[in-house]
Amino acid sequence: MEIFRPASPPPGPRPSPGPRPSSGPRPSPGPHPTRDDRDDRSPTDDRFDDRLPRDDRWPGDDRFDDRPLPLDDSPFVPERPTVAARPPTAVTPRRSRPSGRSPWSVPLAVVLVLAGVFATGAGLGRSVGPFDFAPAGGDRPPRSESVGLSASRPVRLNVPSIKVAAPVEPVGQARDGSIAVPPLERHNETGWYDRGPTPGEPGPAVIVGHVDTKTGPSVFYDLGKLKPGDLIEVARADESVVVFRVDTVEHFPKDQLPAERIYGHDGPPGLRLITCGGQFIGGRTGYADNVIAFATFQSSRKS
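With the first letter of the sequence shown counted as 1, position 234 gets the number 234 in the UniProt record's numbering; the numbers rise by one all the way through.
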């Protein structure tokens with residue numbers, strides 16, 4: 001057996017160290033600060049202030065007293081409007097059309113989970129809708145043969161049972177994909193989603209409005225008080241008035257909206273009135289839910 005030897009001899013035994021010099025008794029450590037005793041944030045650091053509970057609800061507001069305590073129970077909308085549901089955005093071609101025009105489309109996924117509105121919504125959440133919808137900037141999809149009126153944009157909304165009499169302005173999509181809403185300085189206006197049907201045409205027309213602001217109630221503050229059978233009147237630019245009857249009023253988490261019941265261009269004429277509700281989360285999300293009134297066509301007349 002071959003033996004490998006080190007290049008230099010191993011070191012000899014280490015000398016025993018002498019006694020260590022005495023340094024006197026060690027001082028007893030004082031109490032350590034606990035996590036609760038420390039505050040290393042600067043006096044102006046308010047990054048986490050919005051995590052603290054607060055109660056800035058304006059007096060007399062008891063709409064949500066029968067709901068579980070929210071994370072942040074202010075009923076006020078955030079600085080960025082967050083009112084409407086998110087319409088279908090992903091599209092695939094449905095049928096061929098003459099060249100030079102955009103194809104009609106079928107949505108695949110509707111919204112993202114609002115990290116901040118109907119930022120993720122406005123935000124809304126994801127859902128799938130088996131209905132036709134016009135892509136952003138595109139033409140309207142073809143109509144089914146459902147009975148309905150010709151197109152004419154809405155100009156005024158009247159809901160006598162909750163004392164709403166408000167102008168209607170067209171709104172499109174916000175940059176995050178949610179339905180745009182009237183600016184907060186005009187929070188008593190409503191917005192008609194102009195990529196869907198006009199009220200009275202086949203399919204559900206969508207009108208959105210704020211529930212409140214930091215100063216108090218807005219146009220759709222009492223939307224949740226509508227009852228089946230209540231009437232809604234929509235005056236149109238062609239001087240006709242379309243009457244709808246409320247079927248139901250429902251609350252949905254913004255990430256669980258039934259898009260197939262809200263949007264589309266087929267079927268009998270209908271109307272969807274949408275605002276915010278539920279717990280106030282704050283940030284870009286605002287309220288956790290959407291409140292939606294579903295209504296069906298009743299009649300029409302000349303104004």
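Glycine included, every Cβ here is placed at the ideal spot set by N, Cα and C.
Proximity of the stretch 258-271 to the stretch 192-199 meets the contact definition, three or more beta-carbon pairs being nearer than 8 Å. Excluding the 5 residues flanking it on each side, residue 217 has same chain C-beta neighbours closer than 8 Å at 211, in chain order. Just measuring C-alpha positions, the residue of 302, 274 and 279 sitting nearest residue 181 is 274.
Here the alpha carbons of residue 297 and residue 205 stand approximately 11 Å from one another. Going by DSSP, residue 233 is part of no alpha helix (DSSP H) but of the beta strand (DSSP E) stretching over 231-236. With fewer than 16 other Cβ atoms from the protein chains shown falling within 10 Å of its own Cβ, residue 229 counts as exposed.
It is roughly 14 Å from the alpha-carbon of residue 260 to the alpha-carbon of residue 268. Sequence-distant Cβ neighbours of residue 155 in its own chain, meaning closer than 8 Å and more than five residues away, are 167, 168, 235, 236 and 237. Assigned with DSSP and collapsed to three states, residue 225 falls in helix. The criterion of a C-beta distance shorter than 8 Å is satisfied by residue 289 and residue 251.
Secondary structure within the stretch 141-197: the beta strand (DSSP E) runs of 3 or more consecutive residues, fully enclosed, are 154-159, 164-171 and 190-193 (chain order). Relative to residue 192, the option among 172, 177 and 291 whose CA is nearest is 172.
The beta carbon of residue 159 lies closer than 6 Å to those of 232 in the same chain, with the five residues before and after it left out.
In this structure residue 255 does not touch residue 295 by the C-beta definition: roughly 24 Å separates them, more than the 8 Å allowed. Annotation: the continuous alpha helix (DSSP H) that includes residue 260 extends over 259-262. Within the same chain, 230 come within 6 Å of residue 161 by CB-CB distance, once the 5 residues on both sides are set aside.
From the listed residues 303, 227, 188 and 225, the smallest Cα separation to residue 165 is found for 188. Here residue 249 is near residue 291, since their CB atoms are less than 8 Å apart.
For residue 279, the enclosing beta strand (DSSP E) stretches over residues 270-282. Between residue 202 and residue 226, the alpha-carbon positions lie close to 23 Å from each other. Around the beta carbon of residue 272, 16 or more other beta carbons lie within 10 angstroms, which makes this residue buried.
Spanning the alpha carbons of residue 178 and residue 148 requires a straight line of approximately 27 Å.
For residue 301, the closest C-alpha among the options 174, 157, 209 and 239 is that of 239.
Per DSSP, residue 239 has no beta-bridge partner at all. In the three-state reduction of the DSSP assignment, residue 215 falls in the coil class.
If you draw a straight line from the Cα of residue 245 to the Cα of residue 299, it is about 9 Å long. As the crow flies, the alpha-carbon of residue 184 is around 7 Å from that of residue 213.
For residue 286, the enclosing beta strand (DSSP E) starts and ends at 286-302. Nearest Cα to residue 253 within the set 285, 152 and 303: 285. Its Cα nearest to that of residue 257, the residue 276 stands out among 241, 276 and 153. In the DSSP assignment, residue 199 falls outside any beta strand (DSSP E), carrying neither H nor E.
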